[in-house]
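Visitor:
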Amino acid sequence: MSDSTSSLMPKGKDKSVDYSSSSTNRGKSLGLKSNLNDMSLSDKSGSSYMASAKRPKSSAKYQPDKWMLPGKSENALTQLNLAIVGHVDSGKSTLSGRLLHLLGRITQKEMHKYEKEAKLQGKGSFAYAWALDESPEERERGITMTVAVAYFDSKRYHVVVLDSPGHKDFVPNMISGATQADAAILVIDASVGGFEAGMDSKGQTREHALLIRSFGVDQIIVAVNKMDSVEYSKDRFDLIRTQLGTFLRSCGFKDSLVSWIPLSAMKNQNLVAAPSDNCLSSWYRGPYLLNAIDSLQPPTRDFSKPLLMPICDVVISSSQGQVSACGKLEAGALRSGLKVLVMPSGDVGTVRSLERDSQACDVARAGDNVTVSLQGIDGSNVMTGGVLCHPDFPVSVAQHFELKVRVLDLAIPLVIGSQLEFHGHRAKEAARVLKIISVLDPKTGKVTKKAPRCLTSKQSAVIESTRIAELSEGRFLEHQEKPLPSES
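Read left to right, the sequence shown gives residues 476 to 963 (the numbering used here).
1. What are the start and end residues of each continuous beta strand (DSSP E) run of 3 or more residues lying completely inside the stretch 862–893, in chain order?
2. Taking the alpha-carbon of I687 as reference, which of F728, F712, V635 and V667 has the nearest alpha-carbon?
3. Could you check if E706 is buried or exposed, using at least 16 other CB atoms within 10 Å of its CB as the buried criterion?
4. In chain order, what are the residue ranges of uninterrupted alpha helix (DSSP H) at least 4 long that sit wholly in the stretch 553–594?
5. Nearest-angstrom Cα distance between L719 and L577?
6. Cα-Cα, which of S731, L723, I768 and D703 is closest to P737?
7. To the nearest angstrom, how far is the alpha carbon of V922 from that of G854?
8. Would you call the stretch 856–865 in contact with the stretch 877–893, where contact means no fewer than 3 C-beta pairs closer than 8 Å?
9. Classify F601 as helix, strand or coil using the three-state DSSP reduction.
10. Could you check how far apart the C-beta atoms of N700 and A740 are, in whole angstroms? I think they sit under 8 Å.
11. Starting from the C-beta of Q850, find all residues in its chain whose C-beta is less than 7 Å away, skip the five residues before and the five after it, and write them out in chain order.
12. Do you know offhand how far A602's Cα is from A665's?
13. What number of angstroms, rounded off, separates the C-alpha of S639 from the C-alpha of L813?
14. Please name the residue in I786, A873, K910 and L829 whose C-alpha comes closest to that of A902.
15. For the alpha helix (DSSP H) containing S689, name the first residue and the last one.
16. Apart from the five residues on each side of it in sequence, which residues of its chain come closer than 6 Å, Cβ to Cβ, to M674?
17. Give me the Cβ distance between L595 and S568, rounded to the nearest whole Å; I'm assuming they're in contact under 8 Å.
18. Tell me the DSSP secondary structure of A606 in three-state form.
19. Excluding the five sequence neighbours on either side, which residues of its own chain have a C-beta within less than 6 Å of the C-beta of A653, listed in chain order?
20. Are the stretch 835–842 and the stretch 769–778 in contact at 8 Å, needing three or more beta carbon pairs?
21. On the three-state DSSP scale, how would you describe M543?
22. Where do the N-terminal and C-terminal ends of the alpha helix (DSSP H) with K709 fall, by residue?
23. Are the beta-carbon atoms belonging to L661 and V697 less than 7 Å from one another?
24. Using the three-state DSSP reduction, which class does M858 fall into: helix, strand or coil?
25. To the nearest whole angstrom, what separates the beta carbons of L782 and L809, a pair I think is in contact under 8 Å?
26. Would W605 pass as a contact of Y589 if the rule is Cβ separation under 7 Å?
27. Identify every run of the beta strand (DSSP E) within the stretch 892–920, keeping only runs that are complete inside it and at least 3 residues long; order them along the chain.
28. Please state whether DSSP places K503 in a helix, a strand or coil.
29. Decide if H964 is buried, meaning its Cβ has at least 16 other Cβ atoms within 10 Å, or exposed.
30. Do R928 and A906 have their C-beta atoms closer together than 7 Å?
31. Is L895 close to chain B? Criterion is C-beta to C-beta, closer than 7 Å.
32. For G521, which residues from the same chain have a beta carbon less than 7 Å from its beta carbon, with the 5 sequence-adjacent residues on both sides left out?
33. If you compare alpha carbons, which of G566, L544, G546 and L637 is closest to L555?
34. Buried or exposed: V560, going by 16 or more other Cβ atoms within 10 Å of its Cβ?
35. Taking the alpha-carbon of L570 as reference, which of C754, I663 and Y537 has the nearest alpha-carbon?
36. According to DSSP, is C754 helix, strand or coil?
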């Protein structure tokens, strides 16, 4: 939303998704009830329908086929989708590129090419970033504009790196990366003035932290980068940890799920090995970055639930007459020949082929980032923001929503009729406020005022809104109701 962020409840262990038929719900206003063990949706007519796949379109309960579940003999590394977020110029792309080079994902020949190209444009220090910032405009401006995807293997995980833009103009693109993430690295610029710029009202450190928490990410690694610029000062690191730590706790992050790593991507300090610079090693005894990644808790996957894949990108090949949908499988599994339903269009197509990590694969399961080539379907009906789902267990489609929101900084109060921008994974739709239902205590989630006339900065609330175009709810009904993150 413009000037505000809707907080779509952090993920819990008991996630649920609405798989009821969309035909009965179209055009109704949906609201979340607060029973965590039996999540349901209610429309304004007073009727309700389950959001836990207990009453799907067909009378039979969903049962996954054997091939959909990972076998005990499969020794593949667990996939971890890792978003790299933080304020512009904090060194996110340089950190990602350096890590990929150290782990052998970027060859020395490729690195030499990036160094040569960067120097020719007078941007020698951007060489590692150019491994991910590939477009001419990104290289010319020296900033990341879209989410770059890369891969590497650690001892424990197959890591999918989602290098996100840090500039405020590209927050919608950052959101598309955050919605796919299992965990995140929040990159901080330790330089004098750099940390402060990210934390002020116009900086992106605060907003990125709030956004990733709102999308269900509860594990983060705080990579305090550019420590070489302050001579690896422990005092500087402690100051950043104290100030940022207070804010992260106010967002709902638990101290036990936050790791703090002082490092220098440019100087290769504390990335894949203990620091060699005595200025850092003299006082720091904690893990290096790669160890911290391996210490993250493994994500849970909904292998046994019906197919659900939000579409983050669409590729149409006019020469081959086929369309491909890209995204992260949130639930279920895919393989060639499988029938899939595209929402909200309602078209049914067949999976022609699959790619995972740019390589052809036979089967993709929950947690995988895949490109799904479809046949027998009109490409114009496959769009970003849509959803691929099981034909017998479609997600619902709605025009009106009841939302819990966290208002950030507003120039003018939010009132009935205010225009908003609704972000749903990769989709972006114009919306407006229909009703302000209540103001909430940001820490407890309890109602403090009913039917307020307006909302101002820093408030948490429940509102009813409507969008111009319908969009599958898909992923957003997975989250349990919990108190909204507050901001100090």
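Every residue gets a Cβ at the ideal spot worked out from N, C-alpha and C, and that includes glycine.
Guide: According to the data block:
1. 862–864 and 872–881
2. If you number the sequence shown from 1, residue 687 lands on position 212. Ranking F728, F712, V635 and V667 by Cα distance to I687 puts F728 first.
3. To locate residue 706, count along the sequence shown from 1; it is residue 231. Looking at its Cβ environment, which holds fewer than 16 other Cβ atoms inside 10 Å, E706 is exposed.
4. 567–577
5. Along the sequence shown, read from residue 1 onward, the residue named residue 719 stands at position 244. Along the sequence shown, read from residue 1 onward, the residue named residue 577 stands at position 102. Roughly 29 Å separates the two Cα atoms.
6. Stepping through the sequence shown from its first residue, residue 737 is reached at position 262. Residue D703 is the option with its Cα nearest to P737.
7. Here residue 922 refers to the residue found at position 447 when the sequence shown is read from its first residue. Here residue 854 refers to the residue found at position 379 when the sequence shown is read from its first residue. Going from the Cα of V922 to the Cα of G854 covers about 45 Å.
8. no
9. Numbered from its first residue, the sequence shown carries residue 601 at position 126. Looking at F601 - three-state DSSP - the assignment turns out to be helix.
10. Position 225 of the sequence shown, counted from the first residue, corresponds to residue 700. Position 265 of the sequence shown, counted from the first residue, corresponds to residue 740. Sure, about 6 Å apart at Cβ, within 8 Å.
11. In the sequence shown, the residue the question calls residue 850 occupies position 375. Correct list, in chain order: Q797, G824, T825 and R827.
12. Position 127 of the sequence shown holds residue 602. Position 190 of the sequence shown holds residue 665. For A602 and A665, the distance between alpha carbons rounds to 21 Å.
13. As a working mapping, residue 639 is identified with position 164 in the sequence shown. As a working mapping, residue 813 is identified with position 338 in the sequence shown. So the alpha carbons of these two residues sit roughly 32 Å apart.
14. The count along the sequence shown starts at 1 and reaches residue 902 at position 427. Nearest of I786, A873, K910 and L829 to A902, Cα basis: I786.
15. Residue mapping note: residue 689 aligns to position 214 of the sequence shown, counting from 1. Its alpha helix (DSSP H) spans residues T680 to S689.
16. Along the sequence shown, one-based indexing puts residue 674 at 199. Within the same chain, M674 has close Cβ partners T680.
17. What you label residue 595 is simply residue 120 of the sequence shown in a count that begins at 1. What you label residue 568 is simply residue 93 of the sequence shown in a count that begins at 1. That pair is no contact at about 19 Å.
18. As a working note, residue 606 is residue 131 in the sequence shown. A606: helix per DSSP, three-state reduction.
19. Here residue 653 refers to the residue found at position 178 of the sequence shown. A558, L686, I687 and F690, listed in sequence order.
20. yes
21. Along the sequence shown, read from residue 1 onward, the residue named residue 543 stands at position 68. Three-state DSSP puts M543 in a helix.
22. Numbered from its first residue, the sequence shown carries residue 709 at position 234. It spans K709 to C726 - the alpha helix (DSSP H) in which K709 sits, taken as one unbroken run.
23. Taking the first residue of the sequence shown as 1, we reach residue 661 at position 186. Taking the first residue of the sequence shown as 1, we reach residue 697 at position 222. In this structure, V697 lies closer than 7 Å to L661 by Cβ.
24. Taking the first residue of the sequence shown as position 1, residue 858 is located at position 383. Coil, per DSSP.
25. Residue 782 sits at position 307 when you count from the first residue of the sequence shown. Residue 809 sits at position 334 when you count from the first residue of the sequence shown. That pair is a contact at about 7 Å.
26. Indexing the sequence shown from 1 puts residue 605 at position 130. Indexing the sequence shown from 1 puts residue 589 at position 114. Against a cut-off of 7 Å, the Cβ pair of Y589 and W605 comes out as a contact.
27. 894–899 and 902–915
28. By one-based count along the sequence shown, residue 503 stands at place 28. Bear in mind that the predicted position of K503 carries a pLDDT of just 33, short of 50, making it too unreliable to give a figure here.
29. Since the displayed the chain opens at 476 and closes at 963, residue 964 lies outside it and no answer follows.
30. Position 453 of the sequence shown holds residue 928. Position 431 of the sequence shown holds residue 906. Their beta carbons are not under 7 Å apart, which means R928 does not touch A906 by this criterion.
31. Of the chains in the structure shown, none is chain B; there is only one protein chain.
32. Stepping through the sequence shown from its first residue, residue 521 is reached at position 46. A caution first: G521 carries a pLDDT of 34, below 50, which makes its placement in the model unreliable, though a value can still be read off. If we look at G521 and ignore the five residues flanking it on each side, it has no Cβ neighbours.
33. On the sequence shown, position 80 is the one that residue 555 refers to. If we check each option's Cα against that of L555, L637 comes out closest.
34. Mapped onto the sequence shown, residue 560 falls at position 85. V560 is buried by the Cβ-count criterion.
35. Position 95 of the sequence shown holds residue 570. Selected option, being the one with the closest Cα: I663.
36. Residue 754 sits at position 279 when you count from the first residue of the sequence shown. C754 falls in the helix class under three-state DSSP.
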